[in-house]
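The working numbering puts the first residue of the sequence shown at 8, with every later residue one more than the last. Don't be surprised by glycine CBs; every beta carbon is placed ideally from N, CA and C.
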Amino acid sequence: MDDAAWRASASSGCEALAARVAHSGAARRATQAYPIAGSAVAEPLDVRPQVIVAAVMVWRAAHADEPANLDEVGKIEDLSLEQLLEKPIVAASNIEQRPKDSPAVVSVIDGDDLRRIGARDLGSALAATRGIYATNDRNYSYLGIRGISTPGDYNTRILLTIDDHKITDPVYGQAMTGVELGLPLGAIQRIELVRGAASSTYGSSALLGAVHIVTSTGATRPGLHVSSTTTATAETFADPAQRPDVALFGQEVSASYGVVTAGGTDVFAAGSYLRAPGLRAIYMPELASAAELCVDPQRAPVACNGVVRDVDHEEAASAYLGIHRGGFRLSGLASTRFRQIPTASFGTVIGDPDTHTTDNRIYLDGGYHAALGAAELDAHASWDFYNYRGRYAYYTPPDDGDPSYPAGRSMYHDAATSHWLTGEARLRWRRGELVDGVTDVDTIAGAEVVAVPKAYQIASETDRTDHEVQIAAYGQAEARIAERLVASAGARIDVRPDSYGASGSSRLGLLVDAWHEGRLRFTFGSAFRAPNLYERYYFTAQATQPTLQPERAYTYELSAEQYLGDHVRLIIAGYRNDLDDLTQLTMLDNPGQTAGDRFVFHNGGEADGRGAEAEIEARWQGTQLRANLAVQRSHDETGANLPNSPHTLANISLVVPLAADRARLAIASSFVGHRNAPSGAPIDAAFQTDVAVEVPRLGAEAVDLGLGVSNLFDQRSAVPGSEEHRQSAIPRDPRLVWIRIGLHL
8 MDDAAWRASA
18 SSGCEALAAR
28 VAHSGAARRA
38 TQAYPIAGSA
48 VAEPLDVRPQ
58 VIVAAVMVWR
68 AAHADEPANL
78 DEVGKIEDLS
88 LEQLLEKPIV
98 AASNIEQRPK
108 DSPAVVSVID
118 GDDLRRIGAR
128 DLGSALAATR
138 GIYATNDRNY
148 SYLGIRGIST
158 PGDYNTRILL
168 TIDDHKITDP
178 VYGQAMTGVE
188 LGLPLGAIQR
198 IELVRGAASS
208 TYGSSALLGA
218 VHIVTSTGAT
228 RPGLHVSSTT
238 TATAETFADP
248 AQRPDVALFG
258 QEVSASYGVV
268 TAGGTDVFAA
278 GSYLRAPGLR
288 AIYMPELASA
298 AELCVDPQRA
308 PVACNGVVRD
318 VDHEEAASAY
328 LGIHRGGFRL
338 SGLASTRFRQ
348 IPTASFGTVI
358 GDPDTHTTDN
368 RIYLDGGYHA
378 ALGAAELDAH
388 ASWDFYNYRG
398 RYAYYTPPDD
408 GDPSYPAGRS
418 MYHDAATSHW
428 LTGEARLRWR
438 RGELVDGVTD
448 VDTIAGAEVV
458 AVPKAYQIAS
468 ETDRTDHEVQ
478 IAAYGQAEAR
488 IAERLVASAG
498 ARIDVRPDSY
508 GASGSSRLGL
518 LVDAWHEGRL
528 RFTFGSAFRA
538 PNLYERYYFT
548 AQATQPTLQP
558 ERAYTYELSA
568 EQYLGDHVRL
578 IIAGYRNDLD
588 DLTQLTMLDN
598 PGQTAGDRFV
608 FHNGGEADGR
618 GAEAEIEARW
628 QGTQLRANLA
638 VQRSHDETGA
648 NLPNSPHTLA
658 NISLVVPLAA
668 DRARLAIASS
678 FVGHRNAPSG
688 APIDAAFQTD
698 VAVEVPRLGA
708 EAVDLGLGVS
718 NLFDQRSAVP
728 GSEEHRQSAI
738 PRDPRLVWIR
748 IGLHL
C-alpha cells in the first residue's frame with residue numbers, strides 16, 4: 008500500500024484501543040488506532056533463497072578484471088593475543104589505534120568467531136562480552152549495558168555504526184541489534200564495543216556506549232563463500248503438557264564475494280535470506296484468560312489456555328556492497344524484515360496471525376580519505392531511508408450481535424518513514440613532539456551536519472510530517488605528557504535549532520604505563536540523548552508540554568590491564584554511571600477522550616549504577632579462552648532496582664583445536680542473574696550453554712561443515728516483558744540444533 012492510500016484510510020480515534028493503552032501505560036507504538044478498510048492481510052516476504060546470493064552477481068561483474076595477487080590472509084584463530092592486539096581498533100576515538108593505546112578498554116569480537124559459535128545476530132554476539140546482556144521480546148532485540156536496559160526503550164541509549172555510518176533513525180532513535188538490523192553476518196569482519204558515555208565522539212544516543220561494526224573487504228575475505236544453515240528444535244516446554252514437538256525452526260542462506268582486481272579496486276558483497284517458522288507453540292500463562300478472545304492460526308476462536316500456535320514467523324532478506332579504490336569508498340545496505348508477534352502485545356487479539364511488524368532499511372555512503380602532509384582528511388556523505396509499519400488486530404463485538412471472528416475485527420496500523428542526509432568531515436593531525444616533554448600528539452577536529460527533509464508518523468491522532476537539522480562540531484587530542492603517562496581529551500557540541508538548542512559533551516582520559524606490561528586507565532565522559540521525533544510529536548497533548556530536553560549521562564571508570572607474555576590479558580574495571588533527565592511517559596491528570604490527549608513525555612527520571620568487572624582472555628596455539636564476570640547495582644531516584652537489571656553476569660567461552668587442527672570445538676556458557684520485570688514480578692536467573700563443532704576445508708578444501716546446539720541443557724528461561732505486554736515473562740527459545748554447510752570458491 009502506498010503512502011497516499013495509508014493516509015486516505017486513516018480515521019479518528021478508537022475508544023476501545025485508547026482504554027487498552029491507558030490500562031497498559033505502554034510507550035512507543037501504544038496507540039495503533041489506525042483502521043484499514045476490510046480485512047486483507049499483508050503477506051510475508053515473497054523472497055526465494057536463490058535471489059539473495061547477491062554476491063554472485065558482483066562476482067561475475069568483477070571477473071572482467073583478473074584478481075590481483077593477494078597477500079595470504081592469516082586465520083584469526085592462529086594469531087597470538089599479542090599479535091591480535093596489534094590490529095587497529097576504531098570504536099574508542101573513531102580513529103585507528105592499537106588496543107593498548109586506546110583511552111578506553113574496547114571489547115573486540117572477530118567475525119569468524121561469532122560465525123563459529125553460531126551467533127544469529129549482533130546482540131547474541133555482544134552478550135558474550137563483559138557487562139553485556141541481550142533481550143528479545145519475540146519482536147525486537149535489545150542490548151543491556153552494565154545493568155541498564157529498560158524493556159521497551161528500543162535501544163535508544165546506544166549508538167550503533169557500520170564503518171562510521173550511524174544507523175540510528177530520527178523518528179525512534181533505535182539501535183537495532185537483532186535480525187532487524189539487516190546486515191548479513193558474513194559481511195562482519197569484527198565488532199567493537201566501547202562502554203560508557205561516548206557522545207564526545209559520536210554525538211546523541213551514546214549514553215551507555217557505542218557499537219562499531221567493521222565490514223569485510225575483498226582483501227580480508229576474498230573469494231566466494233556460500234553457506235546454508237538449518238535449525239531445528241524439539242519444543243519440550245511449548246505447553247503445560249510438556250509434549251515434545253520436533254519442528255524446523257528456521258533456515259538461512261548467505262553468500263559473500265570479495266576480490267581485489269588487477270586495477271586495485273576492492274569489491275566485497277554479501278547477502279542473506281532467512282525464513283524462520285519459529286516455535287509451533289508458545290505457552291504464556293498470562294494469556295490463559297476467559298475474559299480474552301483467543302484464535303487459532305485460521306482465525307477461528309479457541310479456548311484461551313495460554314498457548315499460542317504458529318504465529319512466531321520471521322522472514323528477512325539483506326544485501327551489502329562495499330567498494331574501495333585508492334582513497335575513495337562506497338558502501339550500501341538494503342534490508343527488509345517481516346515479524347509476526349506471538350505475545351499479543353498492546354492488547355491485541357491473542358493468537359491472531361495478522362499481527363506483525365515490518366522494517367525496511369536502505370543506505371548509501373560515500374567517503375574519501377587523503378593524506379595531506381602530516382595531516383589526514385576523512386570526509387563522507389550518506390543518504391538513509393528507514394520505514395517501520397506495524398499491523399495489529401483488535402476486536403469489538405459487532406452491533407448485529409454476530410459473535411464470529413473476524414467479524415468485528417479491526418486492523419490498526421502504526422507507521423513511520425524517514426529520509427535523512429548526513430555529511431561529515433574531520434582532519435587528523437599527528438606530530439612526534441609538540442614541546443619538550445609532550446610527544447606523540449594526535450589531534451582531530453571535525454564537523455557533522457544531519458538534515459532530515461522528511462520524517463512522518465501515522466497513527467490514530469497522528470498524521471504529520473516533520474523535518475529537522477542537526478549541526479555538530481567536535482575536537483579531541485591525545486598526547487604523551489610523561490614517559491609513562493598519556494592524556495586525552497575530547498569535546499563536542501550539538502545544535503538542534505528547532506528543538507532544545509545546544510548540548511555539549513566531553514571526555515577526559517588518563518593512561519598510565521604503571522608497570523611492566525600493565526596499564527591503568529581512568530576515563531570520565533558526559534553524554535546526551537536528544538529527544539526523538541516520536542517523543543516530541545506522537546501524542547497530540549505533547550504540544551501543551553514544555554520542550555523536551557536531552558537526557559544526560561556521566562560515566563566514571565577506572566580499569567587495570569595486565570598482559571602475561573604474548574598470550575594472556577587480564578582486565579579489572581570499576582565504574583559509576585549517573586543518568587539524569589530521563590524521558591518518561593505519563594498520563595495527564597485531566598485526560599481528554601483520545602489516547603493522544605492522555606499521554607505525554609516529560610523529563611524527570613534518574614538512574615544510578617555502580618559495578619565491577621573482571622575478564623581474562625588467552626590465545627595459544629589455536630586455543631582461545633575468554634571468561635568474564637560483572638556485578639552491579641542500578642537503581643532509580645527512589646532507590647528501587649531498575650527493571651531488567653541483573654546484579655550478576657558471567658560468561659566463559661573456549662575454542663579448542665581437534666584432530667591435529669582438522670576441526671575446532673567451541674563451547675560458550677552464559678549466566679544472567681535474577682532481575683525484575685517492569686511490573687515488579689521476579690524473573691529467574693538464566694544459564695545457557697552453546698556447543699559447536701567446525702570442520703573446515705573438507706575434501707578439496709572447498710567445503711566447511713558446522714554442527715551446533717544452542718541452549719544445550721534446554722533451560723526454561725525467560726526475559727522480562729515490557730509495559731505493552733500482558734505477561735511479565737516472555738519465554739526464550741528452547742534447545743536448538745543447527746547444521747551449516749559452507750562452500751568456498
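Q.
Under 8 Å: do the stretch 202-222 and the stretch 253-263 share three or more Cβ pairs, one atom per stretch?
A. With the cut-off at 8 Å, the stretch 202-222 and the stretch 253-263 do not touch.
Q: Could you please give the first and the last residue of the uninterrupted alpha helix (DSSP H) stretch that includes T1?
A: The structure shown has nothing for residue 1, since the chain only spans 8 to 752.
Q) Identify the residues that DSSP records as bridge partners of Q464: which are they? A) Locating residue 464 in the sequence shown gives position 457, counting from the first residue. BP columns for Q464 point to A423 and R471.
Q: Using only alpha-carbon positions, find the residue among H732, P95 and E708 that is nearest to L752.
A: The residue given as residue 752 occupies position 745 in the sequence shown. For L752, the nearest C-alpha among the options comes from E708.
**Q.** Length of the line joining the Cα atoms of Y179 and L540
**A.** As a position in the sequence shown, residue 179 is number 172, starting the count at 1. As a position in the sequence shown, residue 540 is number 533, starting the count at 1. Taking the Cα positions, Y179 is about 7 Å away from L540.
Q) Could you give the residue range of the alpha helix (DSSP H) that holds A382? A) To locate residue 382, count along the sequence shown from 1; it is residue 375. No alpha helix (DSSP H) holds A382; the beta strand (DSSP E) holding it covers A382 to Y402.
Q.
Between G715 and D697, how many whole angstroms is the CB-CB distance? I'm expecting something under 8 Å.
A. Along the sequence shown, read from residue 1 onward, the residue named residue 715 stands at position 708. Along the sequence shown, read from residue 1 onward, the residue named residue 697 stands at position 690. Beta-carbon to beta-carbon, G715 and D697 are separated by about 7 Å, close enough to satisfy the 8 Å threshold.
Q: Over the uninterrupted alpha helix (DSSP H) stretch that includes L540, give me the two end residues.
A: To locate residue 540, count along the sequence shown from 1; it is residue 533. L540 -> alpha helix (DSSP H) spans L540 to Y544.
**Q.** Cβ-based burial, S263 [other Cβ within 10 Å; buried from 16]
**A.** Stepping through the sequence shown from its first residue, residue 263 is reached at position 256. When all chains shown are included, S263 counts as buried.
Q. Do you know how far the Cα of R528 is from the Cα of Q569?
A. Along the sequence shown, read from residue 1 onward, the residue named residue 569 stands at position 562. Along the sequence shown, read from residue 1 onward, the residue named residue 528 stands at position 521. Cα-Cα distance, rounded: 12 Å.
Q | Straight-line gap, I746 to T364 (C-alpha atoms, nearest Å) | A | Here residue 746 corresponds to residue number 739 of the sequence shown, with the count starting at 1. Here residue 364 corresponds to residue number 357 of the sequence shown, with the count starting at 1. The alpha-carbon of I746 is positioned some 29 Å away from that of T364.
Q) Smallest Cα separation from D573: which of D366, S729, A400 and Q628? A) Translated into the one-based positions of the sequence shown, residue 573 becomes position 566. With distances taken between CA atoms, D573 lies nearest to Q628 out of D366, S729, A400 and Q628.
Q | For E187, the three-state DSSP class (helix, strand or coil) | A | The residue labelled residue 187 in the question sits at position 180 within the sequence shown. Judged by DSSP in its simplified three-state form, E187 adopts helix.
Q) Quick one: Cα of H232 to Cα of S342, how far? A) Position 225 of the sequence shown, counting from 1, holds the residue named residue 232. Position 335 of the sequence shown, counting from 1, holds the residue named residue 342. About 20 Å.
Q.
So if DSSP puts F606 in a beta bridge, which residue, or which two residues, is it bridged to?
A. Taking the sequence shown and counting its residues from 1, the one referred to as residue 606 is at position 599. Note: F606 sits in a beta bridge opposite M594.
Q: Alpha carbon to alpha carbon, how far is Q196 from L328? Give it in angstroms, no decimals.
A: Counting from 1 along the sequence shown, the entry for residue 328 is found at position 321. Counting from 1 along the sequence shown, the entry for residue 196 is found at position 189. Distance between L328 and Q196, taken at the CA atoms: about 14 Å.
Q. Is the beta carbon of A479 less than 8 Å from the beta carbon of A452?
A. To locate residue 479, count along the sequence shown from 1; it is residue 472. To locate residue 452, count along the sequence shown from 1; it is residue 445. Contact annotation: A479 and A452 have beta-carbon atoms that are not nearer than 8 Å.
Q. Taking the alpha carbon of L300 as the point to measure from, which residue in H420, G313, A496 and R491 has its own alpha carbon closest?
A. Within the sequence shown, numbered from 1, the residue matching residue 300 stands at position 293. It is G313.
(Q) Let me check understanding here. Comparing Cα to Cα, which of E644, E293, Y402 and F392 lies closest to P460? (A) Here residue 460 corresponds to residue number 453 of the sequence shown, with the count starting at 1. Looking only at E644, E293, Y402 and F392, the smallest Cα-Cα distance to P460 is reached by F392.
**Q.** Reference R633, options D643, I659 and D171, closest by Cα
**A.** Within the sequence shown, the letter at position 626 stands for residue 633. Ranking the options by Cα distance to R633, first place goes to I659.
Q: Please classify G339: does DSSP put it in a helix, a strand, or coil?
A: On the sequence shown, position 332 is the one that residue 339 refers to. Three-state DSSP puts G339 in a strand.
Q. Which runs of the beta strand (DSSP E), 3 residues or longer, sit entirely within the stretch 318-365?
A. For the stretch 318-365, whole beta strand (DSSP E) runs of length 3 or above, ordered along the chain, are 321-332 and 335-347.
Q) Ordered along the chain, which non-local residues of its own chain (more than five positions away) have a Cβ less than 8 Å from that of T240? A) Translated into the one-based positions of the sequence shown, residue 240 becomes position 233. For T240, where only same-chain residues beyond five positions count, the Cβ hits under 8 Å are V253, A254, F256, L286, D740, P741, R742, L743 and V744.
Q) Out of F353, A550, S425 and R438, which has the shortest C-alpha to C-alpha gap to M418? A) To locate residue 418, count along the sequence shown from 1; it is residue 411. The option with the nearest alpha carbon to M418 is F353.
Q | Sequence-distant residues of the same chain with beta carbon closer than 8 Å to Q483, five excluded per side | A | The residue you call residue 483 lines up with position 476 of the sequence shown. Here the set comprises S100, S207, T208, T450, I451, S495, A496, G497, A498 and R514.
Q. So D740 is in the alpha helix (DSSP H); what residue range does that whole segment cover?
A. Here residue 740 refers to the residue found at position 733 of the sequence shown. D740 -> no alpha helix (DSSP H), and no H or E assigned at all.
Q: Going by DSSP, name the residue or residues bridged to A498.
A: On the sequence shown, position 491 is the one that residue 498 refers to. Under DSSP, A498 takes part in a beta bridge, and its partners are G482 and S513.
Q: Specify the secondary structure class of R123 as computed by DSSP and reduced to three states.
A: Your numbering for residue 123 matches position 116 in the sequence shown. Taken through DSSP and simplified to helix, strand or coil, R123 comes out as helix.
Q.
Taking its Cβ as the centre, do 16 or more other Cβ atoms sit within 10 Å of F720, making it buried, or is it exposed?
A. By one-based count along the sequence shown, residue 720 stands at place 713. Classification for F720: exposed.
Q. Residue range of the alpha helix (DSSP H) that L129 falls in?
A. For this step, residue 129 is matched to residue 122 along the sequence shown. Element bounds for L129: L129 to L133.
(Q) Short of 6 Å in beta carbon distance, which residues of its chain neighbour S533, apart from the five on each side in sequence? Order them along the chain. (A) For this step, residue 533 is matched to residue 526 along the sequence shown. Contacts found: A204, S512, S513 and Y561.
Q | DSSP state of E708 mapped onto helix, strand, coil | A | Walking along the sequence shown from the start, residue 708 turns up at place 701. Residue state, collapsed to three classes: coil.
Q) Under three-state DSSP, which class holds D160? A) As a working note, residue 160 is residue 153 in the sequence shown. Looking at D160 - three-state DSSP - the assignment turns out to be coil, as it is neither helix nor strand.
Q. DSSP puts M418 in a beta bridge; with which residues?
A. Here residue 418 refers to the residue found at position 411 when the sequence shown is read from its first residue. DSSP lists A400 as the beta-bridge partner residues of M418.
Q. Can the beta-carbon of G125 be found closer than 8 Å to that of A699?
A. Position 118 of the sequence shown, counting from 1, holds the residue named residue 125. Position 692 of the sequence shown, counting from 1, holds the residue named residue 699. The criterion of a C-beta distance shorter than 8 Å is satisfied by G125 and A699.
Q: Taking 8 Å as the threshold, find out whether the stretch 162-172 comes into contact with the stretch 215-227 through three or more Cβ pairs.
A: Yes: the two stretches touch, three or more of their Cβ pairs being nearer than 8 Å.
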